[in-house]
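Scroll down for the structure; my scribbles are underneath it.
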Amino acid sequence: MNVSNVASSKKRWLKWSLLTVGVMALLGAGLAVLTRDLPIPKPSGPYGVGFTETELQTTGGASSRVLALDIWYPARTTEGHAAEPYTTALLNREIAKSMNLPAVLGTITPSYSFRNAPVLEGQHPVVVFNHGFASFTRQNFSNFQELASHGYLVISIGHPGDSLVSRGAQGQPILLNSQSPDHLAVMEAQKDLNVFLDHHANLLEQQRTARDFPSYLQVSQQLAQIAPFLQLKDRIDRWIQDTQGVLDALQTHPQGILSHANAQQVVLMGHSLGGVVTQHFAQHPSAGIRGIINLDAPFIQRDQTWTEMQVPSLNLLSTHNTMKGRDLSLARTLDPLFQHSSAGSHVLEFPNTAHYNFTDLNHVQALRFTPMLGKVDGLKMERWLNTAVLTFLQRLNDPHDPVALQQSLLNDPEVHEVFFRPRRSHD
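Using the numbering used here, the first residue of the sequence shown is number 37, and each one after it goes up by one.
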């Protein structure tokens, strides 16, 4: 972080659950060592998993740019192909640099995904993923390979200059631009950490206790006008354009591995800032979008005019995300939103979870004793997340049983689970 008092700023950001470059760097470091104390389970699906990297030139006039896409998919065979590591040497170096740690701490751990394995014939339902602030495409690697083993093609978008590590048109690395105006503005805004946290905690509590829906919308608009969302307005708009560029490519000119994507069965998934992006597409769905999956992102009302959620959603939320005594968890903050939406929505609140339990950082046992993770058992959380996401996807894509989408996804008494039925037009 290129601001004054760098060490102090890094320490604060490691504790803050939404915006930290340090946390997301530590996520990569955790992936490099996690198999020593909490191994990532082998994917449970019937297919082997392939992995590949490609670059996509989006077409959008002044907004067009090259995106780095990491893709997991069902493979016809994995024989003769090398297992892809959870991290790369470059990613480990950037992690070490951002954390001021020795590069030798990063190791290369093979996954259950195999580079450039031949894709299974046919077209496959698609999940398009956006990572969190200053994170990277592999932040939910274990979930991606689990979905691919069940027949899904997962596309994780790298945003040039905004991701910790991305790639250019020729595959050349593009690193996080920590000197960009919006990045520096976020760093500046969190210098007074107490004010920063008070704003968030107070508005989240007002979302929970709003007396009516207009009051809820007003609070959600206020949330969009405070740090970091105010400073990240342009970045959110860029990521929406990037995501739309991927969706356009699937619809109009899919090439290579993307030609195996079923462009009429697309679900958007995002964590944190990426979850905010998915919410935009729930309100303004593009062709082919069947639903969204929100991994612990708050609802912020960015537009002046309210637009209902138009497609079904799955929302997985934290319950014990605290810092300096402030409650930053998202439990119950989305209920009013989905009581006024025209599509059915699942909201699952997981006990003893913090913001990064919804990423592969969940596997790093030692971090359960930091604010980054809750006390939930890591393997149990892995099962919950994979089961909820996979069941939601399977029911969403089943045209023969639309009622099934309304049924419980987990049936686990430990998890608070609510399905909000679509609001009727006269309600």
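C-beta atoms are modelled at their ideal positions from N, C-alpha and C, and glycine is treated no differently.
> What is the residue span of the beta strand (DSSP E) that Ala299 lies within?
Replying inline: 297 to 307 is the span of the beta strand (DSSP E), which, as asked, contains Ala299.
> Grouping DSSP H, G and I as helix and E and B as strand, with all else coil, what is Met60?
Replying inline: Because the pLDDT at Met60 is just 43, under 50, the model does not fix this residue reliably, and the value given afterwards should be weighed accordingly. Met60 falls in the helix class under three-state DSSP.
> Helix, strand or coil: which one does DSSP assign to Arg151?
Replying inline: strand
> Using a Cβ-Cβ cut-off of 8 Å (strictly less than) and excluding sequence neighbours within five positions of Leu411, which residues of its own chain qualify?
Replying inline: Per the sequence presented here, residue 411 reads as Lys, with Leu not at that position. Setting aside the 5 residues that flank it on each side, Lys411 is surrounded in the same chain by His356, Asn388, Arg404, each with a C-beta closer than 8 Å to its C-beta; the list follows chain order.
>> One question on the structure: do Pro161 and Gln301 come within less than 8 Å of each other, judged by their Cβ atoms?
In response: Contact flag set, yes.
> Shortest alpha-carbon distance to Lys133 belongs to which of Leu304, Leu200, Asp234?
Replying inline: Of the candidates Leu304, Leu200, Asp234, the residue whose Cα lies closest to the Cα of Lys133 is Leu200.
> Would you report the Cα separation of Glu418 and Arg129, rounded to the nearest angstrom?
Replying inline: 27 Å
>> Taking the alpha helix (DSSP H) that Leu403 belongs to, which residues open and close that run?
In response: Looking at the DSSP string, Leu403 is not in any alpha helix (DSSP H), and its letter there is neither H nor E.
>> According to DSSP, simplified to helix, strand and coil, what is Gln508?
In response: The structure shown does not extend to residue 508, since the chain is modelled only from 37 to 463, so the question has no answer here.
> How would you label Leu291, buried or exposed, when you count the other beta carbons within 10 angstroms and need 16 or more for buried?
Replying inline: According to the sequence shown, residue 291 is Gln rather than Leu. Flag for Gln291 reads exposed.
>> When you compare the CB positions of Val303 and Leu429, do they come within less than 8 Å of one another, or not?
In response: yes
>> Please state whether the Cβ-Cβ distance between Pro209 and Val102 is less than 8 Å.
In response: no
>> For Arg244, which residues in the same chain have their Cβ closer than 6 Å to its Cβ, ignoring the five residues on either side in sequence?
In response: Once the five neighbours on either side are set aside, the close Cβ partners of Arg244 are Arg368, Thr369.
> Leaving out the 5 sequence neighbours to the left and right, which residues in its chain are closer than 7 Å to Ala246 when beta-carbon positions are compared?
Replying inline: Tyr252, Val255, Pro372
>> With distance defined between alpha-carbon atoms, name the residue in Leu268, Leu240, His376, Ile76 nearest to Gln319.
In response: His376
> So Val313 and Ile262 are in contact, right, with Cβ under 8 Å, and what is the actual spacing, rounded?
Replying inline: Going by Cβ atoms, the distance from Val313 to Ile262 rounds to 18 Å, so no, they are not a contact pair.
> How many Å lie between Ser349 and Trp420 at the Cα?
Replying inline: 17 Å
> At what residue ranges does the stretch 167 to 235 contain a whole run of the alpha helix (DSSP H), taking only runs of 4 or more?
Replying inline: If only complete runs of 4 or more residues are kept, the stretch 167 to 235 shows the alpha helix (DSSP H) at 177 to 185, 217 to 225, in order along the chain.
> In three-state terms, what does DSSP make of His376?
Replying inline: His376 sits in coil when the DSSP states are folded into three classes, being neither helix nor strand.
> Among Gly194, Leu331, Phe265, Ala153, which residue has its Cα nearest to the Cα of Ala221?
Replying inline: Residue nearest to Ala221 within the set Gly194, Leu331, Phe265, Ala153 is Phe265 (criterion: CA-CA distance).
>> I need the DSSP call for Leu353, collapsed to helix, strand or coil.
In response: strand
> In whole angstroms, what separates the C-alpha of Leu70 from that of Gly81?
Replying inline: Confidence at Leu70 is low in this model, with a pLDDT of 39, below 50, so its placement is unreliable and the value that follows should be read with caution. Using only the alpha carbons, I get a separation of about 22 Å.
> When the Cα atoms are used, what is the spatial distance from Val190 to Ala299?
Replying inline: 12 Å
>> According to DSSP, is Ala111 part of a helix, a strand, or is it coil?
In response: strand
> Exposed or buried, Asp278, counting other C-beta atoms within 10 Å across all chains shown (16 or more means buried)?
Replying inline: buried
> Going by beta carbon distance, what residues of the same chain come within less than 6 Å of Met305, once the five residues before and after it are set aside?
Replying inline: Val163, Phe165, Ile329
> Helix, strand or coil: which one does DSSP assign to Trp420?
Replying inline: helix
> Hey, Gly194 and Ala104: beta-carbon distance below 8 Å or not?
Replying inline: yes
> Between which two residues does the alpha helix (DSSP H) carrying Arg326 extend?
Replying inline: Taken as a continuous stretch (DSSP letters only), Arg326 belongs to no alpha helix (DSSP H), being part of the beta strand (DSSP E) at 325 to 331.
> Based on the DSSP output, what are the partners of Phe87 in its beta bridges?
Replying inline: Trp108, Arg151
> Since Val85 contacts Ser185 with CB under 8 Å, what's their CB separation in whole angstroms?
Replying inline: 5 Å
> Alpha carbon to alpha carbon, how far is Pro121 from Phe177?
Replying inline: 10 Å
>> Judging by CA-CA distance, which residue of Pro449, His236, Ser295 is the nearest neighbour of Thr358?
In response: Distance from the Cα of Thr358 is smallest, within the candidate group Pro449, His236, Ser295, for His236.
> What separation, rounded to the nearest whole angstrom, lies between the Cα atoms of Arg151 and Gln242?
Replying inline: For the pair Arg151 and Gln242, the Cα-to-Cα distance works out to about 47 Å.
> Roughly how many whole angstroms lie between the Cα atoms of Val439 and Ser149?
Replying inline: For Val439 and Ser149, the distance between alpha carbons rounds to 34 Å.
>> Less than 8 Å between the beta carbons of Ala119 and Ala153, yes or no?
In response: No, Cβ-Cβ distance for Ala119 and Ala153 is not below 8 Å.
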